[in-house]
Amino acid sequence: MYDSSRHNPAHGPIGAMSARAVLSSELGPKGSSRIGTLRSDGSLVLRKSNPKGPEPLARRRPDVARVALAAGTAGPLGGDDYALDILVGAGSTLVLQEVSAMLVLPGLGGAGSHMAISVTVEAGATFVWLAEPIIAAHRCNHRHDVRIALAPDARMFLREEMLLGRHGEAAGDFASRLRITRGGAALYDQQIDFGPASDGWGGAAVLGQNRAVGSVIAVDPDWTDAVPAALPYDETAALTPLAGPGVAIGAVAPDSLSLRRLLIRGVNELAPPWAT
Amino acid sequence: MERQAALLLLADGRLPAGGYAHSGGLEPAVTAGRVADMAGLEKFLIGRAETAGLIASAFAAAACARAAADDLSDLETLAVELDARTPSPELRKVSRDLGRQLRRAMSSIHPHPLFAALGDAPHQPIVMGVAAAVLGLGPRDAALAILHENNSGAAASAAKLMRVDPFDVHAILARMTTRLDALAGQAAVAAEGAPGDLPSPGAPLSDIAAEHHRRRDVRLFAS
Amino acid sequence: MHDETPTAPQTRALRLGVAGPVGTGKSSVIATICRHLRDDFALGVITNDIYTDEDARFLKSEGVLPEERIRAVETGSCPHTAIRDDVTMNLMAVEDMERDFASLDIVLVESGGDNLTATFSPALVDAQLFVLDVAGGGDVARKGGPGISGADLLVINKIDLGPHVDVDVEQMVADAEKARDGGPVLALSRKHPDTVEKLCDWVREMHKTYAGGGHIPVDPGPMAPHHHAHDDGHTHSHD
């Protein structure tokens, strides 16, 4: 497991930023979803957006709320502390896109960076999060913490992708936890650790020689009685039903592009409206 | 340290609870060509101990603490949390199969009413925790027992799966003892927290390989 | 899934083990028993395989029982461990089956093919057959071992092949009877209906004795020290 005391820092002074952005959607009087709160902060820049590429669940519909998250500056850098709070109000549909990959960099002084994302998806609401890869640059020291609380009848689609360093460089220290609860009970909880301060991740039980790891989590209350069946559809990818009404598509790959292709293949094994 | 012999009993691979039929994911890793030599085996075992091993030991420690306090009221929560940390349905089933077998064995070996209170198909770490408590052991012992049993079981299967010198395999286990001690300590500390805060290190290739393994026509080990 | 406390289930079938070396026809003996006794008894089968679930598939393909009454246990390439040193997996498979299809009369447990020393623990089965075949050589019965000497019934299978493999079946049976101190030996061939009927009679009788409480499971014993008598008269023993 990741041990922060073993992180080997760069030297120099510390310059840190903290940011707390807030986003919410709600159901409007005519049945369309609309943005409630849209508060950017520091590097976390939130903008209304338009459909971009295939969209599971939302299918480019005009009546859903769409927001894109853009990075106002490079980073996070070591020492930075970012938070993003998201509320998907009852009955509304929110699609969160990202403008580009997030490059996590070391700070001056080696302090850790942290990003906490908290999402609440209320009754009858739908949350679609099409995240772009997080790249753990050499010597970074980052903790990523995503907590999602779903109402029992909420729907969700999310993609997460992590890259072990930029092209040709060794990965920095990185730990990312994704915890999803449904009606207060745990549905999915996985942490991925890698970098010099962690052990074992390069072994065949965890990531092997791969440089990219990612997953897609889909939750649908209609699966309560019949979750899609397990399907290991590639040597390094599998679609697996969770113990509750959700599936996890997990994949590892040598690079970002092949990881994305594997995840798309997995999503296409699900029926519409997931497959696009 | 008063109950060391009981700990050895529980961690012994010869405890008749069906563990010998499993390779802890080593067989699919060898089949896929991801483990081909001793260095690969050592990395595999370390990765497994740091992920599934830490999870199992933390849950065993948590179950042990609850059984020792005679309060099993949130065991179902522990089971749900453990399911959430195991994306592969095959691995969830293996954990519950081994849990049923351990409970079946311990119910004969050292009968105790707590075993019957564990529900239909308890996870192996939960049963291990309760068995440890019933034998008078503490959470850290429960953590160490399941870490050692799972680690040595996977290592032992190497002799049937690869060209190995068994001394080399045990040399790996000897090098890992300090790590297992540390992980057991970590697990025992984590077990004092809420179930939702128990560690959750994932092992993507283990989940993927377990699903492939179940679908293969020829295999030596059940998992 | 269900509870598996060690107390005896309410419906407790006769648990009948079938052991013997690889290729002697254990699956075929079980198929024969099922085919001839399925109308008289409620049956279930647990197979133990070394690799995957081949034997279970064979029995299912034979169509001798509904598929759900044939279940496989995977033994991690340790078939002898699964029936003797660590029977938990098999015991639970038997108990599950007894519970799922209550009330069963007989559950047959087929061991994975192993060698002459593998026998069932009485913790797992009430009675056991040990299956040899003539193709394995006429002298096998004379060699003895716990399965040959201590099983409740020794079956010498494929006797129709005797002339083709130069084995004197009568001599083999006589050797076996000697090794067993007069314990029952059955010469069997699927192609000889009278021998099949004898096998079925033995099973019927065993079930009757068991159901009446008159059968006490006997452990054929662990690997025993044995001796080799060579043609030159030299004898040594080891264990």
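Chains as they are written, first to last, in my numbering: chain A, -4 to 271; chain B, 5 to 227; chain C, 15 to 253. All C-beta atoms in this analysis are idealised placements derived from N, C-alpha and C, irrespective of residue type, glycine included. For clarity, every value in this text was computed on a predicted model and none was experimentally measured.
- Message: If we require 4 or more residues per run, which alpha helix (DSSP H) segments fall completely within the stretch 87 to 149 of chain C?
- Response: 102 to 114
- Message: Report the CB separation of C/L57 from C/L79 in whole angstroms; it is logged as a contact under 8 Å.
- Response: Indeed, because the Cβ distance is near 6 Å, the residues count as touching under 8 Å.
- Please go through the same chain and pick out, in chain order, the residues whose beta-carbon is closer than 6 Å to the beta-carbon of A/R15, but skip the five residues on each side of it. D36 and A78
- Message: For A/N136, count the other beta carbons within 10 Å of its own beta carbon; 16 or more makes it buried, fewer makes it exposed. Which is it?
- Response: buried
- Length of the line joining the Cα atoms of A/G203 and B/P199: 29 Å
- Message: Which residues does DSSP list as the beta-bridge partners of A/V83?
- Response: A/S20 and A/V116
- Query: Can you list, in chain order, the stretches of the alpha helix (DSSP H) that have 4 or more residues and sit fully within the stretch 29 to 67 of chain C?
  - Reply: 40 to 51
- Task: Tell me, please, whether the CB atom of A/I187 is closer than 7 Å to any CB atom in chain B?
- Result: For A/I187, at least one C-beta of chain B is nearer than 7 Å to its own C-beta.
- Item | Limits of the beta strand (DSSP E) - the one that A/T88 falls within | Unbroken beta strand (DSSP E) run through A/T88: T88 to E93.
- Completely contained alpha helix (DSSP H) runs for the stretch 117 to 174 of chain B, where each covers 4 or more residues: The DSSP assignment places 117 to 120, 128 to 138 and 143 to 165 as complete runs of the alpha helix (DSSP H) inside the stretch 117 to 174 of chain B, in order along the chain (cut-off: 4 residues).
- Considering only residues of the same chain and omitting the five flanking positions on each side of A/P46, which have a CB-CB separation below 6 Å? Apart from the 5 residues on each side of it in sequence, A/P46 sits with its Cβ closer than 6 Å to the Cβ of R55 in its chain, given in chain order.
- Task: Determine the contact status of A/A106 and A/G67, defining contact as a CB-CB distance below 7 Å.
- Result: no
- Item | Distance between A/A181 and B/G23 (C-alpha atoms, nearest Å) | Each residue's alpha carbon lies about 28 Å from the other.
- At a Cβ threshold of 7 Å, is A/G31 touching chain B? no
- Mind checking whether A/G241 and A/V214 have CB atoms under 7 Å apart? yes
- Can you round the beta-carbon distance between B/P205 and B/L58 to whole angstroms, since I take them to be within the 8 Å contact cut? 6 Å
- Any Cβ of chain B within less than 7 Å of the Cβ of C/E112? no
- the stretch 205 to 217 of chain B / the stretch 67 to 77 of chain C touching (three or more Cβ pairs under 8 Å): Judged by Cβ distances under 8 Å, the stretch 205 to 217 of chain B makes no contact with the stretch 67 to 77 of chain C, as fewer than three pairs qualify.
- Heavy atom of the ligand HEM within 6 Å of B/A149 beta-carbon: By its list of ligands, the structure shown contains no ligand whatsoever, and the ligand HEM lies outside what it can speak to.
- Query: How big is the Cα-Cα spacing for A/V59 and A/V262?
  - Reply: 21 Å
- Message: Can you find the residues in the same chain that come closer than 8 Å, C-beta to C-beta, to B/H152, ignoring five residues on each side of it along the sequence?
- Response: A15 and L184
- Message: Within the continuous alpha helix (DSSP H) that includes A/W269, where are the two ends?
- Response: First-last for A/W269: undefined, no H or E at that position.
- Task: Please state whether DSSP places C/P177 in a helix, a strand or coil.
- Result: In this structure, C/P177 counts as helix in the three-state DSSP scheme.
- Among A/P49, A/V114, A/G190 and A/A232, the one whose alpha carbon lies nearest that of A/D(-2): A/G190
- Task: Could you name the residues of the same chain whose beta carbon sits closer than 6 Å to that of C/T223, not counting the 5 residues immediately before and after it, in chain order?
- Result: H229
- Using a Cβ-Cβ cut-off of less than 9 Å, give me the residues of the stretch 100 to 115 of chain B that come near chain F, in sequence order. The chain labelled as chain F is not found among the protein chains of the depicted structure, namely A, B and C.
- B/K164 CB to nearest chain C CB: under 7 Å? yes
- Supposed close pair B/A192, B/P143 - CB separation, criterion 8 Å: 5 Å between Cβ atoms; contact.
- Query: A/G195 versus chain B: which residues are under 8 Å apart at the beta carbon?
  - Reply: K47, I50, G51, R52, A53, E54 and T55
- Specify the secondary structure class of B/R223 as computed by DSSP and reduced to three states. coil
- Message: Using DSSP's beta-bridge definition, name the partner residues of A/F122.
- Response: The secondary-structure analysis by DSSP pairs A/F122 across a beta bridge with A/L89 and A/M151.
- What's the C-alpha gap between C/K40 and C/Q142? 12 Å
- Query: On the three-state DSSP scale, how would you describe A/T176?
  - Reply: DSSP places A/T176 in the strand class (E or B) of the three-state scheme.
- Message: Please report whether the beta-carbon of A/L258 lies at a distance below 7 Å from any beta-carbon of chain B.
- Response: no
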